[in-house]
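First up is the structure itself, then whatever we jot down about it.
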Amino acid sequence: ELQTLRCNDSTKTAEINEVFTDVDKTLAALLNELQELQASAATEKARLETNAAVAPKTIKLNVGGRVFETSKDNLLRDADSFFYAMVTSETWQPRARD
6 ELQTLRCNDS TKTAEINEVF TDVDKTLAAL LNELQELQAS AATEKARLET NAAVAPKTIK
66 LNVGGRVFET SKDNLLRDAD SFFYAMVTSE TWQPRARD
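Per my numbering, the very first residue in the sequence shown carries number 6; after that it's consecutive.
Structure, rendered in structure tokens:
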């Protein structure tokens, strides 16, 4: 009976080790994915900061024929806003004329 218990214990230990190995592989893959996402986010943040830095200090907005002028910092205050996306975009080019 002791031999049977030892055999069962060995089997259970092997099964547990296999589960831990699978969990370890999954965690390693998730960690790698997270690191790639963090690197991508850092690259994107640097790009946005570069684009924001080259934008003029004051920005004029023509809204329905009415011109509003505000500071770049004011438009960059909320990172989730339309204006933040506009100012940091690579495609937005402010006009040289008033």
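All C-beta atoms in this analysis are idealised placements derived from N, C-alpha and C, irrespective of residue type, glycine included.
### Query
If you scan the region 14-85 from start to end, which runs of the alpha helix (DSSP H) of 4 or more residues do you find wholly inside it?
The alpha helix (DSSP H) runs lying completely inside the region 14-85 and spanning 4 residues or more are 77-80, given in chain order.
### Task
Evaluate Ile64 with the Cβ neighbour count: other Cβ atoms within 10 Å of its Cβ, from every protein chain shown; 16 or more gives buried, anything less gives exposed.
Of the other Cβ atoms in all chains shown, 16 or more fall within 10 Å of the Cβ of Ile64; this residue is therefore buried.
### Query
Straight-line CA distance for Asn67 to Glu74?
9 Å
### Query
Count the other CB atoms within 10 Å of the CB of Leu35; is the residue buried (16 or more) or exposed (fewer)?
exposed
### Query
For Lys50, which of Pro99, Asn37, Ala84 has the nearest alpha-carbon?
The residue from Pro99, Asn37, Ala84 with its alpha-carbon nearest to that of Lys50 is Ala84.
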